[in-house]
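Residue numbers (the numbering used here), protein chains in the order written: chain L, 93 to 453; chain W, 93 to 453.
I have placed the structure first, in the form of structure tokens, so that the comments after it can refer back to it.
There are 2 protein chains.
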Amino acid sequence: MRTLDVALGERAYTIQVGAGLLGRSDLLLPLLKLPQVAIVTNTTVAPLYLAKLAAPLRAAGVQVLEVVLPDGEQYKNAATLNRIYDALLENRCERAATVIALGGGVIGDLAGFAAATYQRGVSFIQVPTTLLAQVDSSVGGKTGINHPLGKNMIGAFYQPRTVLADTETLNTLPERELRAGLAEVIKYGLIRDLPFLEWIEGHLDELLARKADALTYAIERSCANKAEIVALDETECGVRALLNLGHTFGHAIEAGMGYGSWLHGEAVAAGTVMAAELSRRMGSLTEVDVKRVVDLLRRTGLPVAGPPLGAERYLALMALDKKVSAGKLRLVLLDGIGRGVIRADTNLNDVRATIEACCHV
Amino acid sequence: MRTLDVALGERAYTIQVGAGLLGRSDLLLPLLKLPQVAIVTNTTVAPLYLAKLAAPLRAAGVQVLEVVLPDGEQYKNAATLNRIYDALLENRCERAATVIALGGGVIGDLAGFAAATYQRGVSFIQVPTTLLAQVDSSVGGKTGINHPLGKNMIGAFYQPRTVLADTETLNTLPERELRAGLAEVIKYGLIRDLPFLEWIEGHLDELLARKADALTYAIERSCANKAEIVALDETECGVRALLNLGHTFGHAIEAGMGYGSWLHGEAVAAGTVMAAELSRRMGSLTEVDVKRVVDLLRRTGLPVAGPPLGAERYLALMALDKKVSAGKLRLVLLDGIGRGVIRADTNLNDVRATIEACCHV
Numbered sequence: 093m094r095t096l097d098v099a100l101g102e103r104a105y106t107i108q109v110g111a112g113l114l115g116r117s118d119l120l121l122p123l124l125k126l127p128q129v130a131i132v133t134n135t136t137v138a139p140l141y142l143a144k145l146a147a148p149l150r151a152a153g154v155q156v157l158e159v160v161l162p163d164g165e166q167y168k169n170a171a172t173l174n175r176i177y178d179a180l181l182e183n184r185c186e187r188a189a190t191v192i193a194l195g196g197g198v199i200g201d202l203a204g205f206a207a208a209t210y211q212r213g214v215s216f217i218q219v220p221t222t223l224l225a226q227v228d229s230s231v232g233g234k235t236g237i238n239h240p241l242g243k244n245m246i247g248a249f250y251q252p253r254t255v256l257a258d259t260e261t262l263n264t265l266p267e268r269e270l271r272a273g274l275a276e277v278i279k280y281g282l283i284r285d286l287p288f289l290e291w292i293e294g295h296l297d298e299l300l301a302r303k304a305d306a307l308t309y310a311i312e313r314s315c316a317n318k319a320e321i322v323a324l325d326e327t328e329c330g331v332r333a334l335l336n337l338g339h340t341f342g343h344a345i346e347a348g349m350g351y352g353s354w355l356h357g358e359a360v361a362a363g364t365v366m367a368a369e370l371s372r373r374m375g376s377l378t379e380v381d382v383k384r385v386v387d388l389l390r391r392t393g394l395p396v397a398g399p400p401l402g403a404e405r406y407l408a409l410m411a412l413d414k415k416v417s418a419g420k421l422r423l424v425l426l427d428g429i430g431r432g433v434i435r436a437d438t439n440l441n442d443v444r445a446t447i448e449a450c451c452h453v
Numbered sequence: 093m094r095t096l097d098v099a100l101g102e103r104a105y106t107i108q109v110g111a112g113l114l115g116r117s118d119l120l121l122p123l124l125k126l127p128q129v130a131i132v133t134n135t136t137v138a139p140l141y142l143a144k145l146a147a148p149l150r151a152a153g154v155q156v157l158e159v160v161l162p163d164g165e166q167y168k169n170a171a172t173l174n175r176i177y178d179a180l181l182e183n184r185c186e187r188a189a190t191v192i193a194l195g196g197g198v199i200g201d202l203a204g205f206a207a208a209t210y211q212r213g214v215s216f217i218q219v220p221t222t223l224l225a226q227v228d229s230s231v232g233g234k235t236g237i238n239h240p241l242g243k244n245m246i247g248a249f250y251q252p253r254t255v256l257a258d259t260e261t262l263n264t265l266p267e268r269e270l271r272a273g274l275a276e277v278i279k280y281g282l283i284r285d286l287p288f289l290e291w292i293e294g295h296l297d298e299l300l301a302r303k304a305d306a307l308t309y310a311i312e313r314s315c316a317n318k319a320e321i322v323a324l325d326e327t328e329c330g331v332r333a334l335l336n337l338g339h340t341f342g343h344a345i346e347a348g349m350g351y352g353s354w355l356h357g358e359a360v361a362a363g364t365v366m367a368a369e370l371s372r373r374m375g376s377l378t379e380v381d382v383k384r385v386v387d388l389l390r391r392t393g394l395p396v397a398g399p400p401l402g403a404e405r406y407l408a409l410m411a412l413d414k415k416v417s418a419g420k421l422r423l424v425l426l427d428g429i430g431r432g433v434i435r436a437d438t439n440l441n442d443v444r445a446t447i448e449a450c451c452h453v
């Protein structure tokens, strides 16, 4: 087991990564203010892992409420959030109770936002069961839901009390989701950690074969990179935007194709290629470097081109994105491999040309 | 104009109290990150004060979105909250925009929760137009909505960038609401500020006659008392519970009668009498002191007895209250006038007897 301290002032917490953590109630019990928890999960994860997490807690005398939601990004909305509130209220969960998210990013976002807003905030613990959730949502405290007019438009920054990332839960993860999760792992290398990128290039086969040691290392190092950035910028005003490499283009792909059609990591992979290509057009990345990015993503089995929505549609979809500031399109680009940079001087013609170049079918 | 600094670490802000502040855009403009604000108000307040606040902002080049909601506690719910989200999204309010609450406590709670959760948090400014909102919601950062299963069950702690309390807005306040607001003013004296309580007893007629100087002083001193408590306990784990004097009984009255039937301050007044009576039964308040509490509330024109719901109904309604911890009923009592105390050792028989004694018709 590896542990990582996320230093966020009074809200510091520990991420624990390793095989078999799900049953380790000893890691959770000392954090409970009251022996009352609500485990929020979904219909896919529940039959696989809910009993494994709940049984040792119950054996220790904890009152465990199970809230099992439908599975899918399309349920990350106000109606599903309200199902959690209803369950908490109907079962008289108190302010000193703890909400545990058991599942992927959608469950983490929903359960975290419920925890942030139930009785103005109760304790929250994350048990992410997808690679994406383990390397992304584990750090940063982003929680929230989608709104018909935009993704993640409603939410809160809310830190968990701890995160348990059990690599054994990845054994049941669909291949496509594993690869999508690796898109975010690669991102950390690209924006700020060249040695890690080189390690990924050298250990990609082990990661794809789900070797526990390689996964544990990749998760811990991804979280460490994210934690360093987030500690500098907890509410996303500055350097934290680096984490959005490929995400502005990626969100346009997800929205344009209808949420759930492309996985988030797949859209981010194609978006990262676009960001690399735009960086090249703006003179901060060589053609060789662009090829290196494309090659790694391709080897990972990820898309390296966006869907042909048309440049104008992309631009329209990118305009409502949260990365818009004062009417200017801020984008995360690469200033060499391993060095992300936030630029607000992007030229609309370059962006358009990039989209056209990267979205051939 | 009086100003009061609320010291909450990185989230410190200033409360400005006085006559005619509504038109003082010079107090707001330096706080805007972007010249884009959304003023959230209701159909009662809008015709009286919306133009007064919006016009000078527009004259200064600020883009002002007006979100006018129906008036009433029954609209403090998810559906109305969603109307705010819709308006913000349809008008492309950015993350650097500012939400301004113009109205009473319901508007402050709704707009504040929308600000806390729109794009995971945007700037928030409060312009409270009722006495209750000026002395209560101005400090503490409580925002939220009601849920069919409980009042204020969904919400967040979220601090404003500043508060403008314009005493001129109280000139149009219905008499009944003025008196209800004074219940909270009296509360501050009772729980921790005996000299202020004596000042209120001596200046009650001026307050009821809406003299600007008396109101300004009472608002500023109420906020100062609340700010001191909140600074000690921002997320309501300990001493902040003192602010709930009369509120556990009061919430039971509001819920039992149907929200909106009794004003919050009226329920708090009756609840304060019950808390005083229970304190007497538990030996921490004299009969003379109980009479002093009752006399002041009665002179203010407030109810000094609860509605006859029956003791068992009261107890049932009090059980889901947020003041319940670990199954025990924690109540704020008085240990002498000017000295509130949180007690978890309340005896159910005493509570029952108190309800029966204080709720005769």
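Just so you know, even glycine gets a beta-carbon here, dropped at the ideal spot from N, CA and C.
Between which two residues does the alpha helix (DSSP H) harbouring residue i extend?
{"i": "L296 (chain W)", "result": "286-300"}
{"i": "T364 (chain L)", "result": "356-373"}
{"i": "T95 (chain W)", "result": "Looking at the DSSP string, T95 (chain W) is not in any alpha helix (DSSP H); the run it does join, the beta strand (DSSP E), is 94-98."}
{"i": "Y177 (chain W)", "result": "170-182"}
{"i": "I199 (chain W)", "result": "197-209"}
{"i": "T340 (chain L)", "result": "339-349"}
{"i": "N317 (chain W)", "result": "304-324"}
{"i": "I447 (chain W)", "result": "440-450"}
{"i": "L389 (chain L)", "result": "379-391"}
Starting from residue i, trace the beta strand (DSSP E) both ways and give me its first and last residue.
{"i": "M245 (chain W)", "result": "242-249"}
{"i": "P220 (chain W)", "result": "215-220"}
{"i": "L407 (chain W)", "result": "Looking at the DSSP string, L407 (chain W) is not in any beta strand (DSSP E); the run it does join, the alpha helix (DSSP H), is 403-411."}
{"i": "V255 (chain W)", "result": "254-258"}
{"i": "I429 (chain W)", "result": "Looking at the DSSP string, I429 (chain W) is not in any beta strand (DSSP E), and its letter there is neither H nor E."}
{"i": "G236 (chain W)", "result": "234-239"}
Please report whether the beta-carbon of residue i lies at a distance below 9 Å from any beta-carbon of chain W.
{"i": "N238 (chain L)", "result": "no"}
{"i": "F249 (chain L)", "result": "yes"}
{"i": "G330 (chain L)", "result": "no"}
{"i": "L421 (chain L)", "result": "no"}
{"i": "I217 (chain L)", "result": "no"}
{"i": "L440 (chain L)", "result": "no"}
{"i": "L241 (chain L)", "result": "yes"}
{"i": "G348 (chain L)", "result": "no"}
{"i": "G200 (chain L)", "result": "no"}
{"i": "G213 (chain L)", "result": "yes"}
Quick check on the burial criterion: 16 or more other C-beta atoms within 10 angstroms. Buried or exposed for residue i?
{"i": "D228 (chain L)", "result": "buried"}
{"i": "G281 (chain L)", "result": "buried"}
{"i": "G330 (chain L)", "result": "exposed"}
{"i": "R268 (chain L)", "result": "exposed"}
{"i": "V453 (chain W)", "result": "Residue confidence is low: V453 (chain W) scores 48 on pLDDT, short of 50, so the model does not pin down where it sits. No coordinate-derived value is stated."}
{"i": "L355 (chain W)", "result": "buried"}
{"i": "G110 (chain W)", "result": "buried"}
{"i": "P252 (chain W)", "result": "buried"}
{"i": "L324 (chain L)", "result": "exposed"}
{"i": "N336 (chain L)", "result": "buried"}
From the beta carbon of residue i, is the nearest beta carbon of chain L less than 9 Å away?
{"i": "Y210 (chain W)", "result": "yes"}
{"i": "N244 (chain W)", "result": "yes"}
{"i": "K234 (chain W)", "result": "yes"}
{"i": "L157 (chain W)", "result": "no"}
{"i": "F288 (chain W)", "result": "no"}
{"i": "V453 (chain W)", "result": "The predicted position of V453 (chain W) is uncertain, since its pLDDT is 48 and thus under 50; no value can be drawn from it."}
Problem set entry | Residues of the region 166-196 of chain L whose Cβ lies closer than 8 Å to any Cβ of chain B, in chain order | Judged by its chain identifiers, the structure shown contains no chain B, and its protein chains are L and W.
Exercise. Counting pairs of Cβ atoms below 8 Å between the region 291-309 of chain W and the region 206-215 of chain W, do you hit three or more?
Worked result: no
Exercise. Touch check for the region 339-348 of chain W and the region 249-262 of chain W: three-plus C-beta pairs under 8 Å?
Worked result: no
Exercise. Should the region 376-387 of chain L be called in touch with the region 425-432 of chain L, which here means at least 3 C-beta pairs below 8 Å?
Worked result: yes
Exercise. Should the region 149-162 of chain W be regarded as contacting the region 215-227 of chain W, the criterion being three or more beta carbon pairs within less than 8 Å?
Worked result: no
Exercise. If you pair each beta-carbon of the region 188-205 of chain L with each one of the region 167-180 of chain L, do three or more pairs fall below 8 Å?
Worked result: yes
Problem set entry | Validate contact between the region 191-198 of chain L and the region 224-244 of chain W using beta carbons, cut 8 Å, 3 pairs | no
Exercise. Taking only runs of the beta strand (DSSP E) that begin and end inside the region 107-162 of chain L, which ones reach a length of at least 3 residues, in chain order?
Worked result: 128-134, 155-161
Exercise. Are the region 159-166 of chain L and the region 99-108 of chain L touching by the rule of at least three beta carbon pairs closer than 8 Å?
Worked result: no
For this session: For the region 342-361 of chain W and the region 429-439 of chain W, state whether three or more C-beta atom pairs, one from each stretch, are separated by less than 8 Å.
Result: no
For this session: Could you say if the region 385-401 of chain W and the region 271-288 of chain W meet the contact criterion of at least three C-beta pairs nearer than 8 Å?
Result: yes
For this session: State whether the region 244-252 of chain W contacts the region 350-362 of chain W, with contact taken as three or more CB pairs (one from each stretch) at a distance under 8 Å.
Result: no
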